[in-house]
Amino acid sequence: MPDPVLSLSDLDARYGDFQALYGVTAHVEPGEVVAMIGANGAGKTTLMRSIAGLIRNAPEAIRWKGQAIGRLRADQVAALGIALVPEGRLLFPSLSVEENLVIGGQLKRPGPWNLSRVYDLFPILQERRNQQSTSLSGGQQQMVAIGRALMSNPELILMDEISLGLAPVIIKQIYEALPGIVGQGMSAIIVEQDIAKALSVSARVYCLQEGRISLEGRSDSVSRDAISRAYFGM
Amino acid sequence: MEWVNAVLQGTLLGGLYALFAAGLSLIFGVMRLVNIAHGDLIVLAAYLGLTIAVGLGIHPLLALAIVVPVMAALGYALQRGILNRTMGDDILPPLLVTFGLSVIIQNALLMGFSADPQKLQAGDLETASLTAGGLTIGVLPFLMFATSVAVIGGLQWMFYHTALGRAFRATSDRQDVAQLMGLNRAHVFGLAMALSLAVTGIAGVFLGIRTSFDPSIGGSRLIFGFEAVIIGGLGNLWGTLAGGVIIGIAQAVGGQIHPSLQLLAGHIVFLVILAVRPRGLFPKMEG
Ligand SMILES: Nc1ncnc2c1ncn2[C@@H]1O[C@H](COP(=O)(O)OP(=O)(O)OP(=O)(O)O)[C@@H](O)[C@H]1O
Ligand SMILES: [Mg+2]
């Protein structure tokens with residue numbers, strides 16, 4: 000087994016007095032796609048925000064290629080090559096579509112991704128490049144959010160419910176784009192409510208339940224039973 | 000002709016008010032910070048200009064070459080050293096801290112320079128004027144107005160056409176997501192305050208050339224600035240210029256009716272506009 004790029008060990012996260020994550024231990028190998036599933040409120044978004052540096056953690060709880068990064072700010076984490084596609088897309092409303100993409104690349108990390116490659120991936124965005132990002136449809140906004148993350152040429156991309164609120168055809172379209180994104184040495188953690196979808200794109204899967212990892216397995220061999228137990232604790 | 004002249008003089012004065020307000024508008028737009036010490040920082044810049052102009056024996060406009068970078072550096076240090084610590088969901092702490100800063104600056108100036116009124120001497124430039132079609136324009140007020148328009152135009156251009164402006168807008172939209180793009184919020188805020196105080200440096204030197212000043216006048220400059228910002232629409236720079244000009248004209252026309260009406264007329268126009276359009280004339284930031 001190669002050394003993991005990302006390893007979480009005994010990660011706790013809190014919002015004030017409320018503890019949202021309890022001793023989460025997990026890892027991602029180079030080039031690997033990992034699915035993170037779990038019921039509403041299980042702590043998936045909290046976990047993504049912790050990795051991305053938006054929630055501060057104990058330094059040793061998160062390691063990136065061996066370096067303890069749990070205490071770093073989000074901008075420092077981004078500079079290391081970790082990008083988050085946040086839940087709810089969270090585009091910049093004052094910025095045009097193209098500016099949203101360009102600002103994603105402002106760290107100028109070297110790599111294959113640039114404006115024209117993002118436009119190749121999602122041609123509709125080129126047509127809409129000068130529009131206000133808020134004037135796009137939900138699916139198009141999600142493409143901008145993904146493109147914005149890719150522009151930083153991350154080594155690990157965190158995707159938090161990219162299918163949330165989108166029509167099935169759009170979801171299909173976005174997921175069809177995934178193999179062109181990962182599998183070029185980029186690792187990914189995909190947070191998804193749609194379990195079948197999550198399993199189909201990933202090599203391994205973790206399930207979160209009330210802030211704890213309740214299941215870890217290979218995506219092609221976990222049983223439906225094991226998943227429903229891990230999901231609902233029954 | 001008197002009235003046309005009043006409007007003209009008011010417009011020119013309004014440019015200066017817009018300059019007082021531009022820095023205020025900028026930092027409110029980027030970080031929702033209301034800087035109570037802004038007026039006192041203008042006065043501080045005027046004293047800095049005085050010290051440099053007298054100390055080096057140079058023209059006050061030349062002193063700008065030192066005042067502006069010094070004020071910018073002060074702004075960055077102030078933001079990173081003090082104000083960033085007060086920023087959060089609660090708007091009260093930065094208000095209180097900048098209020099405290101206002102008191103500190105006033106008292107420090109009082110200790111350093113006494114309460115005697117001072118003025119920056121701009122020599123022949125102060126009396127030079129242009130006459131055309133029965134109207135007379137002072138060269139200096141015109142120069143100040145042109146500079147104000149240029150500064151505000153420059154800020155507007157920076158906001159919509161540079162990487163720094165993009166960073167400002169993104170941070171203003173969503174601080175946490177901007178952080179995900181690799182923008183360090185503390186640094187971005189520092190740069191915004193640096194720019195704000197650079198503009199304040201120009202405003203302070205212009206103020207000192209135009210009128211006499213003492214350590215206590217910051218508050219009244221702040222009022223004009225606030226009024227210009229609010230009339231124009233919060234965070235809209237061209238709106239701020241329009242707001243400044245409206246107040247300047249109201250004051251000049253009011254003063255034409257009766258000298259005692261000058262300041263009052265400005266405040267009344269402000270209140271009327273606020274009553275009719277509570278969010279200002281041009282509420283949204285537009286490119
Ligand atoms: N800002 C916050 N302040 C306090 N509690 C929060 C905050 N954000 C989330 N929580 C709580 O933390 C827990 C985990 O929330 P989180 O958003 O991480 O879940 P999730 O798995 O992403 O859920 P969903 O599937 O609905 O997106 C929930 O109980 C939630 O109520
Ligand atoms: Mg979530």
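For the record, the sequence lines run as chains X and R.
Okay, so the first sequence: first residue is 0 according to numbering that gives the first Met the number 0, each after it adds one.
Okay, so the second sequence: first residue is 0 according to numbering that gives the first Met the number 0, each after it adds one.
Positions of the beta carbon are idealized from the N, C-alpha and C atoms, including for glycine.
Asked                                                                                                                           : Found
Residue 232 of chain R beta carbon near ligand 1 (any heavy atom closer than 6 angstroms)                                       : no
Residue 82 of chain R at chain X interface by Cβ criterion, 7 angstroms                                                         : no
Test: residue 19 of chain X CB closer than 7 angstroms to a CB of chain R                                                       : no
Ligand 2 heavy atom lying under 6 angstroms from the CB of residue 199 of chain R                                               : no
Cα-Cα separation between residue 56 of chain X and residue 124 of chain X, rounded to whole angstroms                           : 36 angstroms
Boundaries of the alpha helix (DSSP H) in which residue 39 of chain R is found, first to last residue                           : 37 to 55
Segments of 3+ residues assigned as beta strand (DSSP E) that fall wholly inside the segment 99 to 152 of chain R               : 128 to 131, 134 to 137
Residue 31 of chain R at chain X interface by Cβ criterion, 7 angstroms                                                         : no
Check whether residue 10 of chain X and residue 51 of chain X have beta carbons under 7 angstroms apart                         : no
Residues near residue 113 of chain X in its chain [Cβ-Cβ closer than 6 angstroms; skip 5 each side]                             : none
Cβ of residue 86 of chain R within 7 angstroms of any chain X Cβ                                                                : no
Simplified DSSP assignment, three categories, for residue 59 of chain X                                                         : helix
Neighbour flag for residue 176 of chain R against chain X, beta carbons, 7 angstroms                                            : yes
Host alpha helix (DSSP H) of residue 167 of chain R (start-end)                                                                 : 162 to 172
Residue closest to residue 139 of chain R, alpha-carbon to alpha-carbon, out of R/149, R/251, R/125                             : R/125
Residue 43 of chain X beta carbon near ligand 1 (any heavy atom closer than 6 angstroms)                                        : yes
Near-chain X residues of the segment 178 to 190 of chain R (beta-carbon distance less than 7 angstroms), N- to C-terminal order : 178, 179, 180, 181, 182, 183
Meets three-Cβ-pair contact criterion under 8 angstroms: the segment 31 to 42 of chain X and the segment 198 to 205 of chain X  : yes
Any C-beta of chain R under 7 angstroms from that of residue 154 of chain X                                                     : no
Cα-Cα separation, residue 17 of chain X to residue 41 of chain X                                                                : 13 angstroms
Secondary structure of residue 16 of chain X, DSSP reduced to three states                                                      : coil
Neighbourhood of residue 63 of chain R by C-beta, 6 angstroms cutoff - its chain only, sequence neighbours within 5 removed     : 204
Neighbour-count burial assignment, residue 285 of chain R, 16 or more Cβ in a 10 Å radius                                       : With a pLDDT of 44 at residue 285 of chain R, under the threshold of 50, the predicted position of this residue should be treated as unreliable, and no value is reported.
Cβ of residue 149 of chain X within 7 angstroms of any chain R Cβ                                                               : no
Any non-hydrogen atom of ligand 1 within 6 angstroms of residue 216 of chain X CB                                               : no
Neighbourhood of residue 276 of chain R by C-beta, 7 angstroms cutoff - its chain only, sequence neighbours within 5 removed    : none
Straight-line gap, residue 241 of chain R to residue 232 of chain R (C-alpha atoms, nearest Å)                                  : 10 angstroms
Near ligand 2: residue 191 of chain X beta-carbon under 6 angstroms from a heavy atom                                           : no
Residue 119 of chain X, DSSP secondary structure in three states                                                                : helix
Below-7 angstroms beta-carbon distance, residue 102 of chain X vs any chain R residue                                           : yes
Partners in chain X for residue 291 of chain R, counting only beta-carbon separations shorter than 8 angstroms                  : Nothing about residue 291 of chain R can be read from this structure; chain R reaches only from 0 to 286.
Reduced DSSP secondary structure (H/G/I, E/B, other) of residue 286 of chain R                                                  : Only weak support is given to the placement of residue 286 of chain R: the predicted model assigns it a pLDDT of 40, under 50, and the question is left unresolved by the model.
Inter-residue Cα distance where the pair is residue 43 of chain R and residue 24 of chain R                                     : 19 angstroms
Under 7 angstroms between C-beta atoms of residue 27 of chain X and residue 1 of chain X                                        : no
Near ligand 2: residue 86 of chain X beta-carbon under 6 angstroms from a heavy atom                                            : yes
Chain X within 7 angstroms of residue 286 of chain R, Cβ atoms only                                                             : For residue 286 of chain R, the predicted model reports a pLDDT of 40, less than 50, meaning its position is unreliable; a value from the coordinates is still stated below. No, its Cβ sits nowhere closer than 7 angstroms to a Cβ of chain X.
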